[in-house]
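Chemist: Residue numbers (UniProt numbering), protein chains in the order written: chain A, 1 to 391; chain B, 1 to 391; chain C, 1 to 391. Can you read through this structure? Questions will come right after.
Here it is as structure tokens:
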């Protein structure tokens with residue numbers, strides 16, 4: 001697993017686009033707080049998140065960036081983190097990630113985290129923004145709106161949100177709210193206002209199937225690429241309803257409109273690959289899965305994701321949230337796993353080195369540039385003298 | 001990945017039965033036409049099917065058969081193809097496939113392709129025929145029939161179709177038309193005639209669930225092996241409804257009647273393996289998946305397909321359609337992947353060489369001979385002097 | 001695949017807890033009877049279970065324990081088995097399994113098999129008991145009960161059953177009876193008595209969805225760990241309805257009550273891993289899958305099961321039934337596959353040896369001790385002089 005060879009070197013030097021991530025916390029963390037951010041579950045008595053693949057990977061690959069030996073023990077790790085302070089910790093991991101452009105989902109902020117601008121500054125990179133549609137709708141409801149005006153007010157709010165500088169995409173967490181076994185048709189205005197009347201009367205999270213579906217169609221109208229959470233997530237998801245294959249009817253209806261980017265996908269990466277192979281506008285990544293499985297399985301997950309996927313259809317994302325370790329670890333796992341996969345094929349004479357290098361650049365950077373356009377497609381303004389990445 | 005060892009040699013020499021494939025086009029192809037035939041999707045601007053696992057595999061493994069260097073560029077590849085002409089191209093790939101018997105689904109002909117006899121002649125092999133039931137029913141409707149007579153007329157047409165010389169099986173694409181979450185019961189005559197009345201009044205593709213189900217039961221009455229498309233296909237399929245596990249109730253009802261052959265299966269090869277392990281009459285292959293994933297993943301897909309499958313239950317098929325490259329590439333991937341799998345177990349002393357060779361012959365040829373009987377079970381009449389296969 | 005290295009040695013020496021298995025037959029077996037016990041299907045003409053991964057594994061790994069050469073032919077194998085007699089055969093395999101504690105599901109006895117005490121004696125180990133709830137309910141019905149009294153009588157019978165010495169858990173086969181797409185709510189008493197009235201009037205197997213669900217909630221009230229069959233089994237299961245992800249709503253409702261142990265899981269081991277990662281009380285194993293796939297695939301299945309699973313959440317079970325070969329083979333596959341997985345990561349410097357050894361002890365023994373408590377958590381009383389395991 002020691003990364004060697006021309007593909008490894010090219011991927012180590014490649015300025016990635018992380019097309020879907022979140023901010024890093026802007027506070028020093030206690031042991032328990034850090035543990036809680038390591039897992040999509042929680043930190044339970046006797047079952048430390050350090051004793052999981054992601055915890056093992058953090059001790060192995062993140063510790064050296066804090067000047068600790070590889071495989072440092074958890075206590076020492078969290079102590080050193082506090083000693084350096086969150087700004088320095090974020091700066092080290094974010095710059096070591098070797099990401100030129102971050103696309104940041106700004107709609108999930110259960111605790112104080114970096115803004116896109118702060119993330120960019122710490123990384124020496126560019127940050128763009130992804131607008132989360134459910135959060136936008138909930139903000140519209142919170143400000144007060146009549147049911148009859150909901151469609152127009154939502155539409156105006158969405159158009160205003162995506163006009164903000166640096167916004168490159170919208171995102172939906174329909175997978176969490178209703179799952180994908182949804183009616184694929186565009187809801188009629190009367191359906192939407194009826195559903196809005198019910199929701200606005202009771203308040204709370206947006207989980208009404210008509211309104212969630214309406215958000216997906218709003219995304220189509222906005223014309224920006226649409227990111228969709230699929231598969232793996234926290235306990236709030238129903239995994240089998242987040243299988244992207246369930247979206248097929250809807251994808252037929254929206255074919256030829258906006259690009260649809262299937263995020264995470266695990267364990268349905270093959271289903272996502274099928275969709276990417278047969279629909280022009282469908283793309284996928286295996287973000288979140290990469291750092292949770294760690295480098296030991298990154299290649300295996302990428303092998304499945306790439307089994308039939310056209311090479312212009314896979315993107316890189318970390319889906320990192322909270323700890324900047326994940327922004328770095330995701331990039332490391334992607335580089336490591338993809339290099340193993342591609343180098344293995346080159347060594348077996350199944351692929352030329354030239355093609356391998358193109359696939360590496362496409363998936364790590366150029367596919368995102370092609371889909372999102374500026375500012376993602378512009379060369380990153382990375383300051384000189386950024387320390388060399390450790391991969 | 002260089003194929004070496006006794007298992008590789010035995011598989012390279014084995015005359016395969018390709019128990020499910022289609023014809024090859026009988027025309028020279030433009031670049032765009034060739035690209036379109038490489039993918040289950042389409043050829044989209046900026047996303048060439050050459051830039052996908054199957055395209056990489058064609059450049060690597062098909063180019064040498066056209067006297068081009070390995071990994072020849074796409075333009076040169078298609079130009080050389082046109083230079084040789086489609087007859088010579090078909091002849092080269094079909095004979096290099098090393099297939100003794102092709103079972104050809106003749107019910108899918110969106111463009112002019114070889115008949116079974118033409119395919120056989122080009123390959124120096126035998127070709128049998130597989131009758132597609134939905135196409136048969138649509139032909140019955142097109143010829144004009146009263147709803148009340150539909151069951152009898154369909155039955156007579158089916159019996160006539162399967163009496164034709166060389167017909168060895170029937171096939172259903174119920175996976176595409178309704179999916180497998182179907183009522184497992186045999187429909188009553190009144191249900192069938194009612195459904196037929198509705199369908200015949202409107203025309204179009206047969207997608208009525210009663211009539212599609214009626215075709216599956218017609219297959220049971222015909223007594224021939226029934227091939228079922230499952231899993232991976234073009235954008236017309238709903239992948240999650242093509243999971244063969246959904247057929248379990250129906251398989252219980254038809255147990256002890258006809259053999260049921262689950263085609264393709266990917267990504268549900270483990271679900272198909274479960275069915276093959278617990279139902280006497282159920283078999284599977286991973287056709288279509290093999291050439292679409294290419295040799296780099298053929299072993300991995302076969303490993304999953306064979307995890308619990310009895311070795312008399314796996315068959316070889318290419319599911320090649322359109323370009324004869326796929327008839328050759330499917331065979332190459334099968335030989336390559338299975339040889340790696342079996343040789344790996346022999347080398348680890350998990351399997352004897354004798355058993356490995358039996359498994360190779362069974363899955364590549366003898367299981368099909370056992371299920372289909374003559375003429376599949378008769379030695380192929382391959383002309384002497386056929387050029388040695390390159391694998 | 002030759003097991004070497006420190007992890008292999010540690011796992012070879014580790015006294016396992018087999019937290020879910022059944023008894024071994026107490027009779028000599030004909031060739032056909034032995035074959036039938038090798039498969040979750042049946043023994044069919046021309047498709048011998050010996051010609052499947054599990055049959056290959058038995059000939060390779062079980063034969064030497066009967067003083068036969070590796071890969072002994074099936075006839076010789078079964079003849080030698082009869083020659084030694086079932087007591088000696090059971091003694092050899094059960095002691096060679098290297099299991100200190102067996103948790104025995106006593107609710108599935110289609111033929112005479114060892115009691116937990118007999119199993120323990122033959123193995124030189126400790127045996128605990130797992131009470132199967134559907135069998136308990138059917139026994140209550142068989143003894144005669146008024147529908148109105150069913151809830152109270154069942155509850156009393158369950159409490160009595162789990163008070164028996166050595167009972168450490170309860171088990172449900174709801175996966176077989178209704179599948180997991182169940183109403184997650186606790187059924188009201190009136191619903192239960194209504195359903196009981198219907199069931200008691202007709203008799204037969206318990207398949208009523210209200211009553212099956214009531215048993216799951218009874219398990220919660222009993223307070224003991226609950227084992228759930230999920231995924232792979234015989235032809236009676238509907239695989240897609242045994243996907244543990246379907247339980248998510250129910251798991252939310254019972255969070256914080258009893259541990260829930262997902263058994264087998266294959267091919268849904270990743271779905272089970274997700275649940276184990278996000279619910280404190282959820283655990284998994286890949287029992288049954290291990291010996292059915294054999295050592296050649298044990299690592300691959302464990303790799304998927306451990307992709308994101310916290311290392312305190314995976315347990316070992318054989319799910320062996322009928323032939324003591326499986327009690328041994330399950331343990332061998334677990335040791336073999338896990339050692340390859342862990343040693344591979346140690347060799348790649350992705351894991352320290354210390355951590356690898358902890359993970360081996362946790363998953364093979366200590367996680368079960370932690371969950372079940374005494375007597376599972378007490379050191380096994382293994383007699384001295386037990387022959388060294390062959391792994």
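Even for Gly, the Cβ is constructed at its ideal location relative to N, Cα and C.
(1) Enumerate, from N- to C-terminal direction, the unbroken beta strand (DSSP E) stretches of 3 or more residues contained entirely within the segment 89 to 146 of chain B.
(2) Counting only Cβ pairs nearer than 8 Å, list the residues of chain B close to residue 254/A.
(3) Got a sec? Which residues, its chain only, sit under 6 Å from residue 370/A by beta carbon, not counting five neighbours each side?
(4) Which chain A residues sit within Cβ distance under 7 Å of residue 44/B?
(5) Would you say residue 267/B and residue 108/A are within 9 Å of each other, going by their C-beta atoms?
(6) Please work out which residues of its chain come closer than 6 Å, Cβ to Cβ, to residue 295/A, disregarding the five sequence neighbours upstream and downstream, and give them in chain order.
(7) Who are the neighbours of residue 297/A on chain C, taking C-beta pairs under 8 Å?
(8) Please report how far the alpha carbon of residue 8/C lies from the alpha carbon of residue 116/C, in whole angstroms.
(9) Using a Cβ-Cβ cut-off of 9 Å, state whether residue 1/A counts as contacting chain C.
(10) Which first and last residues belong to the alpha helix (DSSP H) in which residue 361/C is found?
(11) Helix, strand or coil: how does DSSP classify residue 333/A here?
(12) Taking the C-alpha atoms as reference points, what is the distance between residue 293/A and residue 270/C?
(13) Who are the Cβ neighbours of residue 206/C in its own chain at under 6 Å, not counting the five residues just before and after it?
(14) Tell me which residue opens and which closes the alpha helix (DSSP H) that residue 264/A is part of.
(15) Do the CB positions of residue 288/C and residue 233/C come within less than 9 Å of each other?
(16) Drop a sphere of 10 angstroms on the beta-carbon of residue 61/A, count the other beta-carbons inside from all chains shown, and report buried for 16 or more, exposed for fewer.
(17) With 16 other CB atoms within 10 Å as the buried threshold, where does residue 124/C fall?
(18) Measuring only the C-alpha atoms, how far is residue 15/B from residue 143/B?
(19) Measuring only between beta-carbons, confirm whether residue 267/C sits less than 9 Å from chain B.
(20) From residue 28/C to residue 312/B, what does the alpha carbon distance come to, in whole angstroms?
(21) On the three-state DSSP scale, how would you describe residue 386/A?
(22) Ends of the alpha helix (DSSP H) at residue 153/A?
(23) Check for me: the alpha helix (DSSP H) holding residue 193/C runs from which residue to which?
(24) So the alpha helix (DSSP H) residue 176/B belongs to, where does it begin and stop?
(25) Can you say whether residue 391/A is buried or exposed, counting buried as having 16 or more other CB atoms within 10 angstroms of its CB?
(26) Who are residue 284/A's beta bridge partners in DSSP?
(27) So which of 87/B, 140/B, 170/B and 349/B has the shortest CA-CA distance to residue 19/B?
(28) For residue 71/C, which residues in chain B fall below 7 Å Cβ to Cβ?
(29) My understanding is that residue 364/A touches residue 11/A, with C-beta atoms under 8 Å, so please give their C-beta distance in whole angstroms.
(30) Could you check the C-alpha separation between residue 228/C and residue 265/C for me, to the nearest Å?
(31) Within the 9 Å Cβ cut-off, does residue 15/A reach chain B?
(32) Does any CB atom of chain A fall closer than 9 Å to the CB of residue 313/C?
(33) Residues of chain A with CB under 7 Å from residue 40/B, in chain order?
(34) May I ask you to list the residues that DSSP assigns as paired with residue 343/B?
(35) Would you kindly check if the distance between the Cβ of residue 40/C and the Cβ of residue 48/C is under 9 Å?
(36) In whole angstroms, what separates the C-alpha of residue 319/A from that of residue 85/B?
Modeler: From the atom records:
(1) Counting only runs of 3 or more, we get 99 to 105 and 126 to 132.
(2) Contact note: residue 254/A does not reach chain B at a C-beta cutoff of 8 Å; the least C-beta distance is about 13 Å.
(3) Excluding residues within five positions, none has a Cβ falling inside 6 Å.
(4) One finds 280 in chain A with Cβ atoms closer than 7 Å to the Cβ of residue 44/B, taken in chain order.
(5) Result no, Cβ atoms of residue 267/B and residue 108/A do not sit closer than 9 Å.
(6) Excluding sequence neighbours, residue 295/A sits near 333 and 336.
(7) Chain C residues near residue 297/A: 303 and 307.
(8) Near 29 Å, if we compare the C-alpha coordinates of residue 116/C and residue 8/C.
(9) Any reading at residue 1/A needs caution, since the residue's pLDDT is 46, under 50, leaving its predicted position unreliable; the model's value is listed next. Chain C, which has a Cβ nearer than 9 Å to the Cβ of residue 1/A, makes this yes.
(10) For residue 361/C, the enclosing alpha helix (DSSP H) covers residues 353 to 361.
(11) Taken through DSSP and simplified to helix, strand or coil, residue 333/A comes out as helix.
(12) When rounded, the distance between both Cα atoms is 11 Å.
(13) For residue 206/C, same chain residues with a beta-carbon under 6 Å away, outside a window of 5 residues either side, are 134, 137 and 138 in chain order.
(14) No alpha helix (DSSP H) contains residue 264/A, which is instead part of the beta strand (DSSP E) from 260 to 264.
(15) Taking C-beta atoms as the reference points, residue 288/C and residue 233/C count as a pair closer than 9 Å.
(16) Buried, by the Cβ-count rule.
(17) Buried: at least 16 other Cβ atoms inside 10 Å.
(18) In a straight line, the C-alpha of residue 15/B is about 41 Å away from that of residue 143/B.
(19) Interface residue, yes.
(20) Each residue's alpha carbon lies about 28 Å from the other.
(21) Low local confidence applies: a pLDDT of 45 at residue 386/A is under 50, so the model's placement there is unreliable, and no value is given.
(22) Where residue 153/A is concerned, the enclosing alpha helix (DSSP H) stretches over 150 to 163.
(23) For residue 193/C, the enclosing alpha helix (DSSP H) begins and ends at 189 to 202.
(24) Residue range 174 to 177 is occupied by the alpha helix (DSSP H) that includes residue 176/B.
(25) Note that residue 391/A has pLDDT 35, beneath the 50 cutoff, so the model's placement of it is unreliable and the number below is only indicative. By the neighbour-count rule (16 or more Cβ atoms within 10 Å), residue 391/A is buried.
(26) Within the DSSP secondary-structure output, residue 284/A pairs in a beta bridge with 262/A and 314/A.
(27) Per the Cα distances, 170/B.
(28) The answer, in chain order, is 352.
(29) Going by Cβ atoms, the distance from residue 364/A to residue 11/A rounds to 7 Å, so yes, they are a contact pair.
(30) One C-alpha to the other measures close to 10 Å.
(31) Taking Cβ atoms only, chain B never reaches closer than 9 Å to residue 15/A, which makes this a no.
(32) Output row for residue 313/C: interface = yes.
(33) Within chain A, 277 and 278 have C-beta atoms less than 7 Å from the C-beta of residue 40/B, given in sequence order.
(34) The partner list for residue 343/B (beta bridge, DSSP) is empty, contrary to what the question assumes.
(35) For residue 48/C and residue 40/C, no; Cβs fall outside 9 Å.
(36) Distance between the alpha carbons of residue 319/A and residue 85/B: 50 Å.
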